[in-house]
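Protein sequence lines correspond, in order, to chains A and B. Following the working numbering, the numbering of the first sequence begins with 1 at its first residue and continues without gaps. Following the working numbering, the numbering of the second sequence begins with 1001 at its first residue and continues without gaps. Only one structure is covered here, and it is reproduced in the block below.
There are 2 protein chains.
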Amino acid sequence: MLSRLWTFCAGDVGPFEVVSVRAVCGEALPLTARLNVVNGDDDSANACTYRLRGVVSNERYLTGVEKRELTRVQQPLGRAPATLGVLIPIKKSDAWWDLPQDARRTLFEERSAHIALGRRALPNVARRLHHCRDLGTQEPFDFLTWFDFAPEDEPLFDDLLVRLRATEEWTYVVREVEVRVRR
Amino acid sequence: MLSRLWTFCAGDVGPFEVVSVRAVCGEALPLTARLNVVNGDDDSANACTYRLRGVVSNERYLTGVEKRELTRVQQPLGRAPATLGVLIPIKKSDAWWDLPQDARRTLFEERSAHIALGRRALPNVARRLHHCRDLGTQEPFDFLTWFDFAPEDEPLFDDLLVRLRATEEWTYVVREVEVRVRR
Chain A
1 MLSRLWTFCA
11 GDVGPFEVVS
21 VRAVCGEALP
31 LTARLNVVNG
41 DDDSANACTY
51 RLRGVVSNER
61 YLTGVEKREL
71 TRVQQPLGRA
81 PATLGVLIPI
91 KKSDAWWDLP
101 QDARRTLFEE
111 RSAHIALGRR
121 ALPNVARRLH
131 HCRDLGTQEP
141 FDFLTWFDFA
151 PEDEPLFDDL
161 LVRLRATEEW
171 TYVVREVEVR
181 VRR
Chain B
1001 MLSRLWTFCA
1011 GDVGPFEVVS
1021 VRAVCGEALP
1031 LTARLNVVNG
1041 DDDSANACTY
1051 RLRGVVSNER
1061 YLTGVEKREL
1071 TRVQQPLGRA
1081 PATLGVLIPI
1091 KKSDAWWDLP
1101 QDARRTLFEE
1111 RSAHIALGRR
1121 ALPNVARRLH
1131 HCRDLGTQEP
1141 FDFLTWFDFA
1151 PEDEPLFDDL
1161 LVRLRATEEW
1171 TYVVREVEVR
1181 VRR
């Protein structure tokens, strides 16, 4: 059975070759040769340049209707043609986290169409969201999102990023890094 | 500055004398002599019979109107007359966590009046909610709630527990323990 905890280890080992690391907002992450994606804690002796941890958790904003639709359409990670991967760690501001639930939901979907925009990239782009904020340790990010897709879907993925980053929700993002990899 | 992580250490040390430990639902916790409440990780050499950890996090269900009202009325923990404390660890079922956000909110408030019931005990009963489910470790509970109040408010607190445990929300609780202490 899979652990809900995943560890992203960037260094010299792992099935993914790092193509680029880009700071979208705030401080970047170091460029490494490889990225490893480990279920659970990384208890290997591999030296990592950095190690990011996050847990798969319950949905925070989806309604039942939205969840049924996404579940119907989305595809699993690791499909054979999906040789490109992107890890996007994000940190949001204290102002975001201080908002009550209804205000965050309104910003997320009614004002920023986060779900509707993400829906445009389905089923081609697969994703898994990991939460880091409540790990109980000092984590540099609040979320890690891990995507994969086939090379011909890279423009669709890039378009999704451009649209999401133009939303009101993104005005609460204080740090965002884009780590692009190839399997 | 306080850490968002808190550790409840039950053993032979701590400012709180344990009065009783009762399993409301599922397996109990061992009865110990004392309870210690530590901000951050418990890095003391104290041997503990059990140690429960949780983080203070953002609100998951409160609307802005509800948050403003609770913030206006609630009192801090540790008031001089509040010599009684209760730690209530709770675990909810997978069925709860699989529900979309809107269904959980509806069960929580519109069908179970969790916030409205809690409001009845304010300002007499102070509380702090800690989340354990996303710590990334195998935790026995999803939440730890820590309450304190003056001895004359114990009937008000007991009435709150009876009412909450009769709600539809509580049909999703698979483990609940009540640890009562005195300072």
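By construction, the Cβ of each residue, glycine as well, lies at the ideal position given by its N, Cα and C atoms.
Could you give the C-beta distance for A82/A and A126/A, rounded to a whole number, given that I count them as a contact under 8 Å? With a Cβ gap of about 6 Å, A82/A and A126/A count as contacting.
Please name the residue or residues paired with W170/A in a DSSP beta bridge. Under DSSP, W170/A takes part in no beta bridge, so it has no partner.
Let me see if you follow: with CB-CB separation under 8 Å, is P1111/B close to chain A or not? With the sequence shown as reference, residue 1111/B is identified as Arg, and Pro is not the correct amino acid for it. With 8 Å as the cut-off, R1111/B does not count as an interface residue toward chain A.
D1134/B at chain A interface by Cβ criterion, 8 Å: Taking CB atoms only, D1134/B has a neighbour in chain A less than 8 Å away.
What is the residue span of the beta strand (DSSP E) that P1089/B lies within? P1089/B -> beta strand (DSSP E) spans L1084 to K1092.
Are the CB atoms of L87/A and V179/A within a distance shorter than 8 Å? Yes, the pair counts as a contact, with Cβ atoms nearer than the cut-off.
Just to confirm, is the Cβ distance from L1122/B to C1132/B under 8 Å? Contact flag unset, no.
Span of the alpha helix (DSSP H), counted from its first residue to its last, around L1117/B: Counted as a single uninterrupted DSSP element, the alpha helix (DSSP H) harbouring L1117/B occupies residues H1114 to R1120.
According to DSSP, is F141/A part of a helix, a strand, or is it coil? Under the three-state reduction of DSSP output, F141/A falls in the coil class, being neither helix nor strand.
Consider the Cβ of R60/A: report whether some Cβ of chain B lies at a distance smaller than 8 Å. Yes, contact with chain B.
Cβ pair W1146/B, R1128/B closer than 8 Å: Yes, Cβ-Cβ distance for W1146/B and R1128/B is below 8 Å.
Distance between G78/A and R119/A (C-alpha atoms, nearest Å): If I take the Cα positions, the gap works out to 19 Å.
Where do the ends of the alpha helix (DSSP H) carrying L161/A lie? From DSSP, the alpha helix (DSSP H) with L161/A extends over E154 to R165.
Residues of its chain near L99/A, where Cβ-Cβ distance is below 8 Å and the 5 sequence neighbours each way are ignored: The residues are L107.
Please name the residue in L1029/B, A1113/B, A1166/B and S1112/B whose C-alpha comes closest to that of T1049/B. Here the closest residue by C-alpha is L1029/B.
Between the stretch 74 to 100 of chain A and chain B, which residues of the former have CB atoms less than 9 Å from a CB of the latter, in chain order? So the close ones are W96, W97, D98, L99 and P100.
Classify E168/A as buried or exposed, calling it buried when 16 or more other Cβ atoms lie within 10 Å of its own Cβ. Counting every other CB atom within 10 Å of its CB across the protein chains shown gives E168/A a total below 16, marking it as exposed.
Quick one: what's got a C-beta closer than 7 Å to Q1074/B's C-beta in the same chain, skipping five residues either side? Taken in chain order, the residues that qualify are L1122, P1123 and A1126.
From E1017/B to G40/A, what distance separates their C-alpha atoms? Distance from the CA atom of E1017/B to the CA atom of G40/A, rounded to whole angstroms, is 37 Å.
Could you check the C-alpha separation between R68/A and E59/A for me, to the nearest Å? One Cα belongs to R68/A, the other to E59/A, and the distance between them is close to 12 Å.
So, with DSSP's three-state summary, where would you put V1073/B? Correct three-state label for V1073/B: helix.
Simplified DSSP state of G1011/B, which is helix, strand or coil: Note: G1011/B maps to strand in three-state DSSP.
Which of the three DSSP states is assigned to D192/A in this structure? Shown here, chain A extends from 1 to 183; a query on residue 192/A therefore has no answer.
Beta-carbon gap between G11/A and N46/A smaller than 8 Å: Between G11/A and N46/A, the C-beta gap is smaller than 8 Å, which places the two residues in contact.
Rounded Cβ spacing between H130/A and L164/A (contact assumed at less than 8 Å): Not quite, the Cβ-Cβ distance comes to about 17 Å (not below 8 Å), so this is no contact.
Kindly indicate if chain A contains any beta-carbon less than 8 Å away from that of H1114/B. At a cut-off of 8 Å between C-beta atoms, H1114/B does not count as an interface residue with respect to chain A.
When you compare the CB of V55/A with every CB in chain B, is at least one pair closer than 8 Å? Closer than 8 Å to some Cβ of chain B, the Cβ of V55/A qualifies, so yes.
Let me know if V1162/B comes out buried or exposed under the rule of 16 or more other beta-carbons within 10 Å of its beta-carbon. Exposed: under 16 other Cβ atoms inside 10 Å.
Considering only C-alpha positions, which residue in the set V1173/B, L1117/B, Q1138/B and T1137/B is nearest to L1156/B? Comparing C-alpha distances from L1156/B to each of V1173/B, L1117/B, Q1138/B and T1137/B shows the shortest one belongs to L1117/B.
I'd like the list of long-range same chain contacts for R1105/B, defined as Cβ closer than 8 Å, with 5 residues on each side in sequence excluded. Excluding sequence neighbours, R1105/B sits near Y1061.
Can you pull the chain B residues whose beta carbon is under 7 Å from the beta carbon of L5/A, in chain order? Listed along chain B are G1136, each with a C-beta nearer than 7 Å to that of L5/A.
So which residues of chain A does G1064/B contact, with C-beta pairs closer than 7 Å? The answer, in chain order, is P100, D102 and A103.
In the DSSP assignment, the alpha helix (DSSP H) including P1104/B goes from what residue to what residue? A small fix is needed here, since residue 1104/B is Arg in this sequence, not Pro. Run containing R1104/B: Q1101 to R1105, per the alpha helix (DSSP H) assignment.
Mapping DSSP to helix, strand and coil, what is V65/A? Assignment of V65/A by DSSP, reduced to helix, strand and coil, places it in the helix class.
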